[in-house]
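Q:
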Amino acid sequence: MNGLSVKAGFASWLIILCVNINSEAQVKYTTSDSQAPFQYGISGKLTVGFEFKERRWAPPVYRLCLDAGAAYAIARIISPSYNLEVQLYNGGLASPAYGKLRHRTTIDLINAFTLTGGTDYRLTQGRAGTLPDSRIPLYYFADFVYPALVNPYHFSVSLGTNFVISNDSGKTSQRVGFVNLHQGRFQFSYYNDGGYGIKNIGLGDRYDRYYTGGGLLSYHLDPQKASINLIELGFHKFSGFTENAFNLSNLIGTSFVSYSKDTQQYYNKGCYSLHLANTNTGFGVTIKRENDYALDFQSLIHYVIYNSYHHIPYPATYSIAVDYSNSHDHLNIK
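Quick note on this note's numbering: the sequence shown kicks off at 13 and runs consecutively.
Here it is in structure tokens:
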């Protein structure tokens with residue numbers, strides 16, 4: 013049996029497992045009658061990834077993410093929100109796979125401030141009965157965790173900034189901008205520490221490093237009718253950093269960014285992902301294409317605008333991950 017057959021068979025088994033486990037819904041909410049349009053929630057997601065390379069399974073890596081959030085709707089058209097996300101992981105994106113750096117445990121802390129404006133406010137007495145089939149999450153960064161809050165609108169636009177700190181001494185703190193467009197069951201999210209649009213309104217710190225950019229397309233089906241009711245297609249890029257190295261490399265016209273410490277290049281990773289999940293059971297499966305330089309979206313952008321590339325020192329590979337999510341919201345229904 014070749015490697016592709018092994019991966020396909022394993023992915024099929026995981027999908028069958030995730031959509032057929034019967035359990036209480038893992039995306040839960042409670043409501044109360046209140047004139048204050050306020051909501052708060054907590055959520056968590058545990059992901060275990062398996063990479064098949066060199067004709068064998070590599071040691072699994074994990075990522076545990078926790079989120080706590082709160083939001084308040086002003087005149088039903090503007091909702092400022094705050095999320096605190098904690099990530100605990102030992103591999104994958106944001107983790108260098110080199111020597112003693114491999115599989116070390118890292119903790120990232122993300123403070124997310126988001127402003128969402130929208131129309132057709134849904135958290136009202138007359139529409140409370142429709143919440144079970146329209147629990148659309150309020151994204152604020154990426155898809156590392158299922159967001160703790162509900163998007164209260166049928167159509168909305170979100171802008172945000174994320175302050176990221178880490179216990180990894182090889183990284184410094186950063187600020188990452190965020191944009192989200194939401195219509196019905198469909199959402200598009202984009203994060204970047206600079207990049208088009210974000211750099212013009214000051215949401216990111218513009219250093220082109222670490223959580224340097226990514227995007228997410230998500231579709232949310234009726235959980236009462238669809239076995240797979242969450243579909244997320246994403247791209248993430250993480251890169252190393254030396255102060256002024258990116259700007260200097262662009263100035264002198266080098267193909268790749270040159271770091272003062274060689275270990276910084278081992279942070280350079282890219283990933284395309286397809287995530288399928290059932291929010292009733294809480295289980296999901298992700299299939300990833302990692303470190304494919306020819307398909308790297310950021311490298312394509314840098315090629316078009318004549319910027320230096322962040323060299324990826326790893327071979328392209330496929331990986332599979334299984335995850336479990338649980339969230340609970342409290343909503344004031346006005």
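Glycine is no exception: its CB is placed at the ideal position from the N, C-alpha and C atoms.
Because the structure is a prediction, the values reported are computed rather than measured.
1) Do we get a CB-CB distance below 8 Å when we pair residue 204 with the residues of chain B?
2) Starting from residue 245, trace the beta strand (DSSP E) in both directions and tell me its first and last residue.
3) Please check the pair residue 60 and residue 72, which I expect to be a contact at CB under 8 Å, by giving their CB distance rounded to whole angstroms.
4) Evaluate residue 116 with the Cβ neighbour count: other Cβ atoms within 10 Å of its Cβ, from every protein chain shown; 16 or more gives buried, anything less gives exposed.
5) Just the C-alpha distance for residue 184 and residue 276, rounded to the nearest angstrom, thanks.
6) Hey, out of 168, 307, 305, 154, whose CA is closest to residue 134's CA?
7) Taking all protein chains shown into account, do 16 or more other C-beta atoms lie within 10 angstroms of the C-beta of residue 181, making it buried, or fewer, making it exposed?
8) Between the Cα of residue 229 and the Cα atoms of 286, 92, 88, which residue gives the shortest distance?
9) If you reduce the DSSP assignment to three classes, tell me which class residue 182 lands in.
10) CA-CA distance, residue 251 and residue 284?
11) Just confirm the distance between the C-beta atoms of residue 242 and residue 289, as a whole number of angstroms; I'd bet it's less than 8 Å.
12) Are the CB atoms of residue 57 and residue 340 within a distance shorter than 8 Å?
13) For the segment 112-155, list the beta strand (DSSP E) runs that are entirely contained and at least 3 residues long, ordered along the chain.
14) For residue 208, which of helix, strand or coil comes out of DSSP?
15) Tell me the rounded alpha-carbon separation between residue 194 and residue 343.
16) Count the other C-beta atoms from every protein chain shown that fall within 10 angstroms of the C-beta of residue 137, then say buried if there are 16 or more, exposed otherwise.
17) Under a Cβ-count criterion, where at least 16 other Cβ atoms within 10 Å of its own Cβ denotes burial, should residue 348 be classed as buried or exposed?
18) Scan the segment 74-104 and note each continuous beta strand (DSSP E) run of 3 residues or more that stays entirely inside, going in chain order.
19) Look up residue 278 in the DSSP assignment and say whether it is helix, strand or coil.
20) If you draw a straight line from the alpha carbon of residue 77 to that of residue 280, how long is it in whole angstroms?
21) Using the three-state DSSP reduction, which class does residue 333 fall into: helix, strand or coil?
A: Let me lay it out:
1) The structure shown has no chain B; it contains just one protein chain.
2) 242-251
3) 5 Å
4) exposed
5) 12 Å
6) 168
7) exposed
8) 286
9) coil
10) 15 Å
11) 4 Å
12) no
13) 118-133
14) coil
15) 20 Å
16) exposed
17) This structure leaves residue 348 out entirely; the chain is present only between 13 and 346.
18) 90-101
19) helix
20) 21 Å
21) strand
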